[in-house]
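Shown next, in structure tokens, is the structure this report addresses.
Residue numbers (this note's numbering): 261 to 599.
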């Protein structure tokens, strides 16, 4: 992957003054995507200790949920959803790589899957076949790993959702057992302890994904702009159908990656609101004054929303995703006007 990136960047540098802007943007988009994937792996490797802590917290939560049937059902449902979405991610990414690579079969001349300036004539047999096979397999493995990163984030979000659902149920039961002082006190203790775990879990997610989100946003803005420009300019060419079949699935994948991160930030914020509402809706007026004060502290803490940020600069939300698309569209218009 690293050597492949070197030759891809070499192609970009050597063709900066070529005047073929669509070709340059086409190469730049996939090169940035591959660079982004490599940066993600480096960040995950650097955050290995935090990731191990997340796995340990998930295992502890599972062991606690096994003792109660309702809690087990809540988390088991999320596990099923996580498995389903992970499978969808992997399948769609693989299909995207196949369509992207099949472009070389639709054009009349010999082209590489990834545009690269190699130190030998890659269009001669058997170099042509070997290089294309290597590039296809590397893209397939990179796409599979990248899809699993998105699936990982979604799995962590669903785990948070399961724990929040358990907290909501426990707070709802407080209204029923409000007159039983000891039972109510035990339920409050369980809810507060679980809430603290959710907060710590969300902080660990933020710790891992904040810098991934930052580089994702910076790179995806350029990639979406580049792909949009190539798609628009290809509409007036003879190879438009081949180019569209290659780039549109790739364009969708790039948007999905940015959307998943923004959705994660929006989702975490909404879980805080659910806990806040659940605490407010309890029969706090029937509780012992000491317990009411404890519940009040929990309600105040829930008002501080769980967030996912991009490099701790901005909170990720669907609004930020829309802003990124708007900015990319503006850059496409500028490039097209200059072309």
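We put the CB at the ideal spot given by N, CA and C, even for glycine.
Q | Minimum C-alpha distance to residue 314 - residue among 362, 465, 397 | A | For the purposes of this step, residue 314 is taken as residue 54 along the chain shown, with counting starting at 1. Taking only the C-alpha atoms, the option nearest residue 314 is 465.
(Q) Below 8 Å on the Cβ atoms is my contact criterion, and I expect residue 264 with residue 374 to pass it. Report the Cβ-Cβ distance as a whole number of Å. (A) Numbered from 1 along the chain shown, position 4 holds the residue referred to as residue 264. Numbered from 1 along the chain shown, position 114 holds the residue referred to as residue 374. Yes, they are in contact, since the Cβ atoms of residue 264 and residue 374 sit about 7 Å apart, within 8 Å.
Q) Cα separation between residue 482 and residue 289? A) Locating residue 482 in the chain shown gives position 222, where the first residue counts as 1. Locating residue 289 in the chain shown gives position 29, where the first residue counts as 1. For residue 482 and residue 289, the distance between alpha carbons rounds to 7 Å.
Q. Of all the beta strand (DSSP E) runs that stay within the bounds of the stretch 502-565, which reach a length of 3 or more residues?
A. Secondary structure within the stretch 502-565: not one fully enclosed beta strand (DSSP E) run of 3 or more consecutive residues is present.
Q: Pull up the distance between the alpha-carbon of residue 576 and that of residue 384, whole angstroms please.
A: Start at 1 with the first residue of the chain shown, and residue 576 comes out as number 316. Start at 1 with the first residue of the chain shown, and residue 384 comes out as number 124. If you take the alpha carbons of residue 576 and residue 384, they lie about 48 Å apart.
Q. In whole angstroms, what is the alpha-carbon distance linking residue 307 and residue 389?
A. Along the chain shown, read from residue 1 onward, the residue named residue 307 stands at position 47. Along the chain shown, read from residue 1 onward, the residue named residue 389 stands at position 129. Between the C-alpha atoms of residue 307 and residue 389 there is a straight-line separation of about 38 Å.
Q. What is the DSSP secondary structure of residue 280, reduced to helix, strand or coil?
A. Taking the chain shown and counting its residues from 1, one reaches residue 280 at position 20. DSSP places residue 280 in coil when its eight states are reduced to three.
Q. Candidates 262, 586, 544: which alpha carbon is nearest residue 402's?
A. Here residue 402 refers to the residue found at position 142 when the chain shown is read from its first residue. Of 262, 586, 544, the smallest CA-CA separation from residue 402 is found for 262.
(Q) Taking the straight line between their C-alpha atoms, what separation do you get for residue 580 and residue 398? (A) Within the chain shown, the letter at position 320 stands for residue 580. Within the chain shown, the letter at position 138 stands for residue 398. Residue 580 and residue 398 have their alpha carbons spaced roughly 32 Å apart.
Q) Quick one: what's residue 575 bridged to in DSSP? A) Counting from 1 along the chain shown, the entry for residue 575 is found at position 315. Partner(s): 569.
Q | Length of the line joining the Cα atoms of residue 614 and residue 551 | A | A query on residue 614 cannot be resolved here, the shown segment of the chain reaching from 261 to 599 and no further.
Q. Which residues bound the alpha helix (DSSP H) around residue 335?
A. The residue labelled residue 335 in the question sits at position 75 within the chain shown. For residue 335, the enclosing alpha helix (DSSP H) begins and ends at 329-361.
Q) So residue 311 is in the alpha helix (DSSP H); what residue range does that whole segment cover? A) Within the chain shown, the letter at position 51 stands for residue 311. Here the alpha helix (DSSP H) through residue 311 covers 308-325.
Q: Verify whether the separation of the beta carbon atoms of residue 491 and residue 474 is less than 7 Å.
A: Within the chain shown, numbered from 1, the residue matching residue 491 stands at position 231. Within the chain shown, numbered from 1, the residue matching residue 474 stands at position 214. Residue 474 sits away from residue 491, with the two beta carbons spaced by 7 Å or more.
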